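**Q**
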Amino acid sequence: MFDQQRSKAGQRSINMFKGNEEGGWDLEDLELPPEVETPRVNARSSVFVAPTPGMPVNQIWTQRSSLAADHAAAGNFDTAMRLLSRQLGIRNFAPLKSMFLDLHTGSHSYLRAFSSAPVVSLAVERGWSESASPNVRGPPALVFNFSQLDEKLKAGYKGTTDGKFTEALRLFLSILHTIPLIVVESRREVDEVKELIIIAKEYVLGLQMELKRRELKDNPVRQQEFAAYFTHCNLQMPHLRLALRNAMTICFKAKNLATAANFARRLLETNPNENHSKAARQVLQSSERNMTDASQLNYDFRNPFVTCGATYVPIYRGQKDVSCPSCTTRFVPTQEGQLCTICVLAVIGADASVEALRSIGKILGKTNWNFDIDPCSRGNSWLDQPTDYYANNVTCDCSFNNNTICHVIHLLERIRSDEVALNAMETESQRAVLGSSNFMPNGL
Ligand SMILES: [Zn+2]
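Using UniProt numbering, the letters of the sequence shown map in sequence onto residues 1 to 444.
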C-alpha cells in the first residue's frame with residue numbers, strides 16, 4: 001500500500017515539472033524502467049532475506065560414500081540395499097532392518113527450540129572435533145563398531161563353553177549380520193574383520209550341526225558324522241577339545257573304533273586335562289585290539305575337507321564347490337542360487353565382485369589365479385607385471401576410502417580393450433565389476 005502511494009506521488013511530481021521547468025532545453029521524455037518504482041533502500045531495510053539453502057547433509061553423505069552403512073545412516077535405505085546387493089550378493093534384508101533403523105536414528109539428533117517452532121534435525125558426524133571447519137561435512141556417526149563385535153565374540157565363546165548353543169548361535173549370527181554395516185579405517189582392521197567372518201561362520205556351521213545332531217536320536221550314523229564334522233570347524237582350543245571328546249564318545253559307543261581312536265589321538269595332541277586324557281587313552285587301548293568300524297560313515301579324516309553349509313556333507317579337496325559372497329561359507333554346487341543357510345543374507349554363488357572376477361578369469365582362460373590368496377596381497381599369481389604382452393595380473397588400488405576399498409585397475413584396462421572378452425561377459429554384475437564397483441566392498 002505504502003509503495004503504491006509513494007510511486008503515484010512520484011509520478012505526479014514528474015508530470016508537474018514537465019512543461020513548467022523545461023524551458024528551452026527541449027528535453028526528451030524520460031521513459032523510466034519499472035525498477036525505478038521498486039522500494040528505495042530505506043523503505044524496509046529490516047526485511048530478512050533468508051540465505052540460499054545448502055545441500056541437505058543426508059545427500060552429502062550418500063554422494064560421498066559407497067558404503068552401505070553411510071547410506072543407511074542418511075536414511076537412503078534403497079541405495080544401501082542396492083550397494084549390499086551389488087557388493088556382497090545380499091538379497092535377504094529382513095535381518096538387517098532393525099540395524100538400518102538404528103544407523104539412521106543414531107546419526108541424527110533433534111532440537112526443539114520453541115514449542116511453536118518446528119523441530120530441527122541435526123546430523124551427527126563421525127570423528128567430529130572442535131577444530132573441524134563448520135563448512136565441511138564429515139561422514140555420519142555410526143552406531144556399530146568393531147569393538148562391539150569383539151564383545152559379542154567373547155559372549156559367543158562363553159555361550160559355547162557353557163553349552164548354551166542356541167544363545168551362542170544367535171550371537172555369532174548377529175556378528176555376521178553386523179559386519180556388512182561396519183566401516184573400518186585401516187588395512188589392519190580390514191584383516192581383523194576378515195578373520196572375524198571366518199571365525200563366526202565356522203561357529204555358526206558347527207553349532208548348527210551340533211543342535212541338529214541332538215535332534216537326530218534315531219540316526220546313529222548321521223549323529224556320528226555331525227559330531228565328526230564339528231571337530232573340523234575352526235574352533236578355539238577349549239571348544240575343539242570338547243568337540244573331540246564328544247565325537248570320540250559317540251563313535252566309541254557306536255562301535256566305530258577306528259574312527260573313535262582317531263579322535264582320541266587328536267584329543268591327546270591338544271594337551272587335555274587329566275580326566276579327558278585318561279578317557280582318550282582308554283579308548284585308544286580298547287580300539288587297538290580291534291581297529292574296525294561297525295558302520296560306514298561319510299567321513300575320511302585323512303583327506304582334508306570343508307563341510308557344506310546346507311547339506312552337511314564333506315567337500316573334499318579338489319571337489320567343486322560354490323561359496324556365499326557375504327560370509328564365504330562353501331557349499332556343494334547344487335546349492336547355487338539358494339539363500340545361504342549360514343548368514344541367511346546372500347545368495348550362494350551370487351556374482352559379487354570376487355565371484356565375478358573368478359568367472360572373468362575363466363572366460364579369459366586364466367588358470368593360475370589363486371583365489372585362496374587375497375588378490376590385494378599381490379602375492380603369488382596376483383603379482384603386478386604390467387607389460388603389454390603379459391596380462392596375467394590383477395592390480396588393485398587399495399587406497400580408496402582410507403584404504404578400506406579397492407578397485408581393480410590394470411585388469412580392467414586390458415579387458416576394456418579386449419572386445420571378445422567383453423562380449424563374452426555373461427551377466428550384468430560381471431560388467432559392473434568392469435565399471436566402478438568395489439572389488440572388495442567394505443574392505444572385504
Ligand atoms: Zn553366507
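Every residue gets a Cβ at the ideal spot worked out from N, C-alpha and C, and that includes glycine.
If you're wondering where the values come from, they're calculated on a predicted model, not measured in any experiment.
Go ahead and pull the three-state DSSP assignment for residue 456.
**A** The structure shown does not extend to residue 456, since the chain spans only 1 to 444, so no value can be given for it.
**Q** Nearer than 8 Å: is that true of the beta carbon of C308 relative to any heavy atom of ligand 1?
**A** C308: no, Cβ never under 8 Å from ligand 1.
**Q** Below 6 Å CB to CB, which residues in the same chain sit around V57 once its five sequence neighbours on both sides are set aside?
**A** Within the same chain, V57 has close Cβ partners A123 and R137.
**Q** Assuming T270 and R289 form a contact by the criterion Cβ under 8 Å, report the distance between their Cβ atoms to the nearest whole angstrom.
**A** Incorrect: roughly 25 Å between the Cβ atoms, too far for contact.
**Q** On the three-state DSSP scale, how would you describe L333?
**A** It is Pro, not Leu, that sits at residue 333 in the sequence shown. If DSSP states are grouped into helix, strand and coil, P333 belongs with the helices.
**Q** Measure from the C-beta of Q296 to each C-beta in chain D and report whether the shortest distance is under 9 Å.
**A** The structure shown contains no chain D; it holds only a single protein chain.
**Q** Mind checking which residues open and close the alpha helix (DSSP H) that includes S287?
**A** First-last of the alpha helix (DSSP H) with S287: E274 to R289.
**Q** Out of curiosity, what's the CA-to-CA distance linking L339 and C327?
**A** Rounded to the nearest angstrom, the two C-alpha atoms are 12 Å apart.
**Q** Leaving out the 5 sequence neighbours to the left and right, which residues in its chain are closer than 8 Å to residue 469 when beta-carbon positions are compared?
**A** Examination of residue 469 is not possible in this model, given that the chain is present from 1 through 444 alone.
**Q** I think M291 touches L257, with their Cβ atoms under 8 Å apart; what is that distance to the nearest whole Å?
**A** Going by Cβ atoms, the distance from M291 to L257 rounds to 6 Å, so yes, they are a contact pair.
**Q** For I342, verify whether its CB is less than 8 Å away from any heavy atom of ligand 1.
**A** Yes; taking the cut-off as 8 Å, the Cβ of I342 has a heavy atom of ligand 1 nearer than that.
**Q** Are there 16 or more other CB atoms within 10 angstroms of the CB of K201, so buried, or fewer, so exposed?
**A** By the neighbour-count rule (16 or more Cβ atoms within 10 Å), K201 is buried.
**Q** Is the CB-CB distance between P95 and L207 below 9 Å?
**A** Not closer than 9 Å, so no.
**Q** For I175, count the other beta carbons within 10 Å of its own beta carbon; 16 or more makes it buried, fewer makes it exposed. Which is it?
**A** Buried: at least 16 other Cβ atoms inside 10 Å.
**Q** I'd like to confirm the pairing. Which residues does DSSP put opposite D293 in its beta bridges?
**A** Answer is N256, bridged to D293.
**Q** Should V322 be labelled buried (16 or more other beta-carbon atoms within 10 Å of its own) or exposed?
**A** Per the 10 Å Cβ criterion, buried.
**Q** Ligand 1 and T329: does the residue's C-beta get closer than 8 Å to at least one heavy atom of that ligand?
**A** Because some heavy atom of ligand 1 lies under 8 Å away, the Cβ of T329 counts as near it: yes.
**Q** May I ask whether a heavy atom of ligand 1 can be found less than 8 Å away from the beta carbon of K201?
**A** Yes.
**Q** Please look up how many angstroms separate the CB atoms of F146 and I182, rounded, as I've assumed it's under 8 Å.
**A** Correct: roughly 6 Å between the Cβ atoms.
**Q** Drop a sphere of 10 angstroms on the beta-carbon of P333, count the other beta-carbons inside from all chains shown, and report buried for 16 or more, exposed for fewer.
**A** Exposed, because fewer than 16 other Cβ atoms sit within 10 Å of the Cβ of P333.
**Q** Please confirm whether any heavy atom of ligand 1 lies closer than 8 Å to the CB of S326.
**A** Answer for S326: yes, Cβ within range of ligand 1.
**Q** Is the beta carbon of A73 sitting closer than 9 Å to the one on H104?
**A** The answer is yes: Cβ separation under 9 Å.
**Q** Do Y229 and Y299 have their C-beta atoms closer together than 9 Å?
**A** Yes, Cβ-Cβ distance for Y229 and Y299 is below 9 Å.
**Q** Which class does F301 belong to by DSSP, given the choice of helix, strand or coil?
**A** Looking at F301 - three-state DSSP - the assignment turns out to be coil, as it is neither helix nor strand.
**Q** Flag L345 as yes when its Cβ comes closer than 8 Å to any non-hydrogen atom of ligand 1, and as no otherwise.
**A** Indeed, a heavy atom of ligand 1 lies less than 8 Å from the Cβ.
**Q** Measure the C-alpha to C-alpha separation of P140 and G75 and round it to an integer number of angstroms.
**A** P140 and G75: Cα-Cα distance of roughly 11 Å.
**Q** Is it buried or exposed for G318, if we count other Cβ within 10 angstroms and need 16 for buried?
**A** G318 should be labelled exposed.
**Q** Verify whether the separation of the beta carbon atoms of E83 and S66 is less than 9 Å.
**A** Position check: residue 83 holds Leu in this sequence, whereas Glu was assumed. Contact: yes.
**Q** Give me the Cα-Cα distance between N401 and V190, rounded to the nearest whole angstrom.
**A** Legend: pLDDT at N401 = 42, less than 50; position of this residue unreliable, no value from coordinates given.
**Q** Relative to ligand 1, is the shortest distance from any of its heavy atoms to the C-beta of L176 smaller than 8 Å?
**A** L176 Cβ: within cutoff of ligand 1.
**Q** For the alpha helix (DSSP H) containing Y316, name the first residue and the last one.
**A** Run containing Y316: none in the alpha helix (DSSP H); it sits in the beta strand (DSSP E), P314 to Y316.
**Q** Please say whether S277 and A261 have beta carbons closer to each other than 9 Å?
**A** No.
**Q** Do you know offhand how far P180's Cα is from E336's?
**A** Near 21 Å, if we compare the C-alpha coordinates of E336 and P180.
**Q** So what's E167 in DSSP terms, helix, strand or just coil?
**A** Helix at E167.
**Q** Compute the Euclidean distance between the alpha carbons of T311 and L153, then round it to the nearest angstrom.
**A** So the two alpha carbons sit approximately 26 Å from each other.
**Q** Can you name the start and end residues of the beta strand (DSSP E) that T120 belongs to?
**A** According to the sequence shown, residue 120 is Val rather than Thr. Note, V120: beta strand (DSSP E), V120 to A123.
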